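Engineer:
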Amino acid sequence: MITANVDGGARGNPGSAGYGVIVKDETGTVLAELYEGIGVNTNNVAEYRGVLAALDWAAAHGHSRLHIKSDSLLVVQQMLGTFRVKHAGLLPLYRQARHLVAKVGNVTFEHVRRELNTEADRLSNLGMDQNARP
Numbered sequence: 028m029i030t031a032n033v034d035g036g037a038r039g040n041p042g043s044a045g046y047g048v049i050v051k052d053e054t055g056t057v058l059a060e061l062y063e064g065i066g067v068n069t070n071n072v073a074e075y076r077g078v079l080a081a082l083d084w085a086a087a088h089g090h091s092r093l094h095i096k097s098d099s100l101l102v103v104q105q106m107l108g109t110f111r112v113k114h115a116g117l118l119p120l121y122r123q124a125r126h127l128v129a130k131v132g133n134v135t136f137e138h139v140r141r142e143l144n145t146e147a148d149r150l151s152n153l154g155m156d157q158n159a160r161p
């Protein structure tokens with residue numbers, strides 16, 4: 028089982044957005060640090076883009092067991108099926124995530140407090156910083 032801490036943010040909402048993902052194995056060894064600036068978007072879009080990046084990475088590297096930790100209660104509860112996806116702009120991202128969950132196989136989601144997600148937050152800020160570069 029690998030674990031991916033994911034985060035997304037936007038400076039302004041919407042605003043300069045990015046996501047960050049840190050992937051670790053069972054021993055805590057860092058397997059990947061992913062981040063990307065995604066232009067002007069909302070926090071929720073950025074959070075979903077982080078989930079998608081984690082799922083893409085796991086699928087591309089042949090992992091079939093993934094535990095995703097996020098400080099976005101909305102995204103976690105939507106992925107767990109507790110909350111409905113009401114916003115039309117999030118629906119395509121949700122559907123893409125569900126497709127990748129099926130591709131990976133065994134994927135679990137956990138909501139964590141923001142202070143327990145600092146590594147992914149640091150990476151999401153690097154992603155947001157990318158938007159300002161020429």
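Add 27 to a position in the sequence shown, counting from 1, and you land on the number used in this note's numbering.
A virtual CB, placed ideally from N, CA and C, is assigned to each residue, including glycine.
If you're wondering where the values come from, they're calculated on a predicted model, not measured in any experiment.
Using 8 Å as the threshold, is the C-beta distance between residue 134 and residue 102 below it?
Structural biologist: For residue 134 and residue 102, no; Cβs fall outside 8 Å.
Engineer: Could you spell out where the alpha helix (DSSP H) holding residue 129 opens and where it closes?
Structural biologist: Per DSSP, residue 129 belongs to the alpha helix (DSSP H) from 118-131.
Engineer: Does the distance from the C-beta atom of residue 93 to that of residue 57 stay below 8 Å?
Structural biologist: The answer is no: Cβ separation not under 8 Å.
Engineer: Excluding the five sequence neighbours on either side, which residues of its own chain have a C-beta within less than 6 Å of the C-beta of residue 41, listed in chain order?
Structural biologist: Correct list, in chain order: 67, 68 and 69.
Engineer: So, under 8 Å CB-CB, residue 65 and residue 81 are touching, yes? Tell me the CB distance rounded to an integer number of Å.
Structural biologist: Going by Cβ atoms, the distance from residue 65 to residue 81 rounds to 15 Å, so no, they are not a contact pair.
Engineer: Enumerate, from N- to C-terminal direction, the unbroken beta strand (DSSP E) stretches of 3 or more residues contained entirely within the segment 133-160.
Structural biologist: Entirely contained in the segment 133-160, the beta strand (DSSP E) runs reaching 3 residues are, in chain order, 133-138.
Engineer: With the cut-off set at 8 Å, would you say residue 46 and residue 73 are in Cβ contact?
Structural biologist: Contact: yes.
Engineer: What residue does the alpha helix (DSSP H) around residue 77 start on, and which one ends it?
Structural biologist: Taken as a continuous stretch (DSSP letters only), the alpha helix (DSSP H) holding residue 77 covers 70-87.
Engineer: Does the segment 122-130 touch the segment 140-153, meaning 3 or more C-beta pairs lie closer than 8 Å?
Structural biologist: No, because fewer than three Cβ pairs between the segment 140-153 and the segment 122-130 fall closer than 8 Å, the two stretches do not touch.
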